[in-house]
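Here the structure is laid out as structure tokens; the discussion comes afterwards.
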Amino acid sequence: MTAPQTPNPAPSADAPAAVPRAATRVRASELVGRGWLNTGGEQVALEDLRGKVVLLDFWTFCCINCLHVLDELRPLEEEFADVLVTVGVHSPKFEHEADPDALAAAVERYAIEHPVLDDPELTTWQAYSARAWPTLVVVDPEGYIAAHLSGEGHVAGLYGLVRELVAEHEAKGTLHRGSGPYVPPTPVARDLSFPGKAVSLGGRGSRPGTFLVSDTGHHRLLEVAEDLTTVLRAFGGGDPAAADAGQAELAFPTPGEKGHADGGPDQALFNEPQGLALLPEDVAGRVGYDVVVADSVNHRLRGLRLSDGRVSTLAGNGVQKLIDSERAKEAAAVDDEGDVAVDLADLPGEPTAISLSSPWDVVWHPALGRVVIAMAGTHQLFDFDPVTGALAVHAGTALEGLLDGDAGRAWFAQPSGLSVGADGTLWVADSETSAVRWVRTGEDGRREVGTAVGAGLFDFGHVDGEADRARLQHALGVTALPDGSVLIADTYNGAIRRY
């Protein structure tokens, strides 16, 4: 995702693995901001990091590309723990992201295990000429910039560059091995950890009126009673804590581990599960599972059978699909009002052999007989047929932005919430454009995309009034109501809005 003054350089699936070295040796600027996290309260200066390879990760916590990079870097940080220091430079896009408490929560939520500089005024961002989220800058052990990269998908090249710098500076005697400035924060015990989504199970849970909750930060699903506090069953990450209706209620079970594994409730593993879609009973009876789960960081769809808690993998091979939005624009010779079309036919191959990218929400669409998926990582909507296993692009070109029209030519920006109205309209919380979008399917099967609220990537705020002038701030959820209105989780404004 880019700052407003420049195009969006995104990662490319076929980008060269090698990271080009800086043509000239330029001294890295000092790290200046409001304060530090994950340092035990200590300030960190670049001078303190001499002798280490330093990787500056300019990020903002709204940005799906930035979240991808956090996960890409984890194995690199682990392998080079004694010579590499990663420093996150949090450079906010949205007003809410400049709140230090919101940043601290994001650092906890995403389990960031390196120092983070809070840069709300974009001082360090500007000093390093960052133009896009994420931007990566490599500083050598003598304090000079070795590389400057934008977007995601660079980790293979970073391995080579770090090895090269380590060998070079070990030979020069300018490499110092040892621990870095990271100080783990004190763990916070929580019953729930950043729960993402929930769905009513109706009468199909362990007793009437229960709900299924994505306990996202604990990498599990919880069935809770109608009081929304009593846990009946847990799925994923360890002890099943299962209880049949009529048994004594359970306290919140101990959180388990993250990963990917199918099996019963005590064997299955998730990685930051998000959206949940309850299938109709007749469809569930045919396919052998009741709930479709958007397993976001595993880049997969999972199925949950409520009768015994068994979890299965429905779609996704676990390899994140990378899209280079800006290069796609250039290849098609388009600008921000350009016209690129994608095929909405079913994708070839088995569903578990297809790469997905951060599925964030799922919803059953009765008129289509399919589950629609908010594919946040590629700025698209997909759909999935539980009976045949077919996957297809539902809408969106994978170009990031706000463009209405034919579904195969429309642009989205990190769609994160879905709901289907009584008339069959699909409502979409398009988070990075702070917009509410809609998709309607005609009798001839053609789909059209429109915008109800919102204007573009950098048009946001908290403004009520006529829809064409109203503004949201990074909305993550929508719910269509029986009267035809739509409730909006206006997340970064901390408000529920009604359209």
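Heads up: the sequence shown at position 450 corresponds to 450 in the numbering used here, and the numbers run straight through without jumps. Cβ atoms here follow ideal geometry from the backbone N, Cα and C, with glycine treated the same way.
- Between Ala315 and Leu391, the C-beta gap is smaller than 8 Å, which places the two residues in contact.
- Just so you know, the alpha carbons of Gly35 and Val116 end up roughly 9 Å apart.
- Residue range 100-109 is occupied by the alpha helix (DSSP H) that includes Ala105, with no beta strand (DSSP E) assigned at that position.
- Contact check between the region 129-147 and the region 24-35: three or more CB pairs, one atom from each, fall below 8 Å, which counts as touching.
- Cβ-Cβ distances below 6 Å link Asp385 to Arg370 in the same chain, with the five nearest sequence neighbours on each side left out; the list follows chain order.
- For Asp295, the enclosing beta strand (DSSP E) covers residues 291-295.
- Asp262 has its alpha-carbon roughly 36 Å from the corresponding atom of Gly401.
- Around the C-beta of Thr313, 16 or more other C-beta atoms lie within 10 Å, and the residue is accordingly described as buried.
- At a Cβ-Cβ threshold of 8 Å, Ala367 and Val449 do not count as neighbours.
- Straight-line spacing of the CA atoms in Glu281 and Arg446 works out to 28 Å.
- In this structure, Pro255 is the residue among Pro255, Leu472, Leu403 with its C-alpha nearest to the C-alpha of Pro195.
- Within the same chain, and ignoring the five residues on either side of Pro185 in sequence, no residue has its Cβ closer than 6 Å to its Cβ.
- Beta bridge pairing from DSSP links Ser150 with Thr135.
- The bridge partners DSSP lists for Phe235 are Leu221.
- Between Leu418 and Ala410, the gap from beta carbon to beta carbon reaches 8 Å or more.
- As the crow flies, the alpha-carbon of Tyr289 is around 25 Å from that of Thr229.
- Using a Cβ-Cβ distance cut-off of 8 Å, the region 130-142 and the region 46-65 are in contact, since at least three pairs of beta carbons, one from each stretch, lie closer than that value.
- For Ile64, the enclosing alpha helix (DSSP H) stretches over residues 64-79.
- Cα atoms of Ile488 and Asp406: separation of roughly 24 Å, rounded to the nearest angstrom.
- Residue pairing of Ile373 in beta bridges, as defined by DSSP: Val362, Phe382.
- Sequence-distant partners of Asn271 (beyond 5 residues in either direction) whose C-beta falls short of 7 Å from its own C-beta, in its chain, are His219, Lys258, Gly259, His260, Asp295, Val297, Asn298.
- The C-beta distance from Val287 to Val188 rounds to 39 Å, too long to meet the 8 Å contact threshold.
- Close CB contacts of Ala353 within its chain, under the 8 Å cut and outside five residues either way in sequence, are with Asn317 (chain order).
- At least 8 Å separates the beta-carbon of Cys66 from that of Glu97.
- Gln414 sits close to Ala376, with the two beta carbons spaced by under 8 Å.
- Counting along the chain, Arg447 sits inside the beta strand (DSSP E) bounded by residues 447-453.
- Ile323 and Ala132 have their C-alpha atoms some 15 Å from each other.
- Membership of Gly160 in the alpha helix (DSSP H) is indicated by the continuous run 155-172.
- In the DSSP assignment, Asp215 falls within the beta strand (DSSP E) that extends over 210-215.
- Apart from sequence neighbours up to five positions away, the residues of its chain that approach Ala127 with a beta-carbon distance below 6 Å are Ser29, ordered along the chain.
- When DSSP states are grouped into helix, strand and coil, Thr313 belongs to the strand group.
- Taking C-alpha positions only, Phe252 is separated from Arg302 by approximately 23 Å.
- An exposed status is given to Lys172, since fewer than 16 other beta-carbon atoms sit within 10 Å of its beta-carbon.
- If you check the CB distance, Leu70 and Glu77 do not come in under 8 Å.
- Comparing alpha carbon positions, the residue from Glu170, Ala130, Ile112, Ser129 closest to Asp82 is Glu170.
- The alpha carbon of Gly264 has as its nearest neighbour, out of Ser307, Arg300, Asp227, the alpha carbon of Ser307.
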